[in-house]
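See below for the structure under consideration.
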Amino acid sequence: MSHNLLKGKRGLIFGALNESSIAWKVAELAHEEGATFVLTNTPVAMRMGTIDELAARTGSFVIPADATNVADLERLVKEGMEKLGGKFDFVLHSIGMSPNVRKGRTYDDLDYDYLDKTLDISAISFHKILQVCWKLDAINEWGSVLALSYIAAQRTLYGYNDMADAKALLESIARSFGYIYGRERQVRINTISQSPTMTTAGSGVMGFDALLDFADRMSPLGNASADECASFCVTMFSDLTRKITMQNLFHDGGFSNMGMSNRAMAVYNKNLEECKDCK
Ligand SMILES: NC(=O)c1ccc[n+]([C@@H]2O[C@H](COP(=O)([O-])OP(=O)(O)OC[C@H]3O[C@@H](n4cnc5c(N)ncnc54)[C@H](O)[C@@H]3O)[C@@H](O)[C@H]2O)c1
28 MSHNLLKGKR GLIFGALNES SIAWKVAELA HEEGATFVLT NTPVAMRMGT IDELAARTGS
88 FVIPADATNV ADLERLVKEG MEKLGGKFDF VLHSIGMSPN VRKGRTYDDL DYDYLDKTLD
148 ISAISFHKIL QVCWKLDAIN EWGSVLALSY IAAQRTLYGY NDMADAKALL ESIARSFGYI
208 YGRERQVRIN TISQSPTMTT AGSGVMGFDA LLDFADRMSP LGNASADECA SFCVTMFSDL
268 TRKITMQNLF HDGGFSNMGM SNRAMAVYNK NLEECKDCK
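FYI, our numbering numbers position 90 of the sequence shown as 117, with every residue one higher than the one before it.
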């Protein structure tokens, strides 16, 4: 059921690859809630994925761009405003990739060229998007910008590797640009720290199935799904949340404030003998 939360609003959505993508679910719900928007991804991702299908279904425009390339972003933002007939009211950064994770390089054996790429794609791209929008004055007053993060920014989680450092930087950029954008243009900038979610990026994390199960057992409300994340994003894009800015908002069923749960303890007890010498 639509609440028309985004009626008349224009958006820019990064990161819809296929129907598992969190950005895909956000786009579907934003459409239902009355928004018009531009979808963007890299040309390679567009060939690999099914973004055109989403565009057809939501009546949106597709403009390719590599979010690490400032010239691409300038073209995207200008063309996007032209196509939509005005400035953006919301922007979603739903981008993440680590070549170190992909190539199986562990945190004590990082390739530094890969690390540069991880940080550029997963965090600095957020600054680039914000700076391009700032210079082109592309976001309306009381607009809302979101990036998706993960609790590995604050707590060490086995296997998350250099993406943890990227997420810490991403959250810092939201605060630093959030101050400037809030002060000068009444635009809010936040990150949403989402539960582990079965997507293409998520399943690349080492031991992802076990991590997903652990987080679910630890969270009193269970893991937040991609659809639930979309609902939260749309609420944050709506006019109901105008004074929330510079925050990292946990959307994780309570995981971030737990230490141990009964459901996790049950599994732990079962394997205690077997895992006595595990490091
Ligand atoms: N899946 C999870 O468990 C989980 C949990 C918390 C946060 N997140 C975050 O959610 C966001 C979306 O990921 P997802 O889980 O939907 O996976 P996904 O694989 O569907 O989305 C990642 C997207 O990043 C895009 N991308 C990669 N390099 C890019 C570049 N240079 N320019 C533009 N786009 C680029 C990919 O094409 C893809 O569309 C990421 O920031 C991810 O870290 C995911």
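By construction, the Cβ of each residue, glycine as well, lies at the ideal position given by its N, Cα and C atoms.
Note that the structure is a prediction, hence the values are computed from the model and not measured.
Quick one: give me the first and last residue of the alpha helix (DSSP H) that residue i is part of.
i      : result
Asp140 : Tyr139 to Leu146
Asn96  : Element bounds for Asn96: n/a, residue is neither H nor E.
Ala50  : Ile49 to Glu59
Ile156 : Ser152 to Lys162
Arg132 : That residue, Arg132, is in no alpha helix (DSSP H); it is neither H nor E in DSSP.
Would you say residue i touches ligand 1, meaning its beta carbon is less than 7 Å from a heavy atom?
i      : result
Leu44  : yes
Met309 : Outside the displayed span of the chain (28 to 306) sits residue 309, for which this structure offers no information.
Gln221 : yes
Thr95  : yes
Ala150 : no
Ser176 : yes
Phe115 : no
Thr218 : no
Ser87  : no
Gly229 : yes
Phe264 : no
Ala50  : yes
Phe41  : yes
Ala72  : yes
Asn68  : yes
Ser318 : No statement about residue 318 is possible, as the shown extent of the chain runs from 28 to 306 and does not include it.
Thr224 : yes
Asp252 : One point to set straight first is that residue 252 is Ser, not Asp, in the sequence displayed. No, since every heavy atom of ligand 1 falls outside the 7 Å radius drawn around the Cβ of Ser252.
Ser47  : yes
Can you tell me whether residue i is buried or exposed, with buried defined as 16 or more other CB within 10 angstroms of its CB?
i      : result
Glu198 : buried
Glu301 : exposed
Trp169 : exposed
Met225 : exposed
Glu60  : buried
His30  : exposed
Gly35  : exposed
Gly112 : exposed
Gly38  : buried
Leu56  : buried
Leu146 : buried
Thr85  : buried
Asp143 : exposed
Gln158 : exposed
Gly234 : exposed
Pro247 : exposed
Leu267 : exposed
Tyr187 : buried
Asn296 : exposed
Hey, quick one: how far does the beta strand (DSSP E) through residue i stretch, first residue to last?
i      : result
Ile40  : Arg37 to Phe41
His120 : Phe115 to His120
*Could I get the ranges of all uninterrupted alpha helix (DSSP H) runs contained in the stretch 260-305, with 4 residues as the minimum, in chain order?*
289-297
Exercise for the section: Run through the stretch 62-88 for me and flag every whole alpha helix (DSSP H) of 4 or more residues, listed as ranges in chain order. Expected result: Restricting attention to alpha helix (DSSP H) runs no shorter than 4 residues, the stretch 62-88 encloses them at 70-75 and 78-85, ordered along the chain.
Exercise. Taking only runs that begin and end inside the stretch 173-247, name each unbroken beta strand (DSSP E) of 3 or more residues, in chain order.
Key: 215-221
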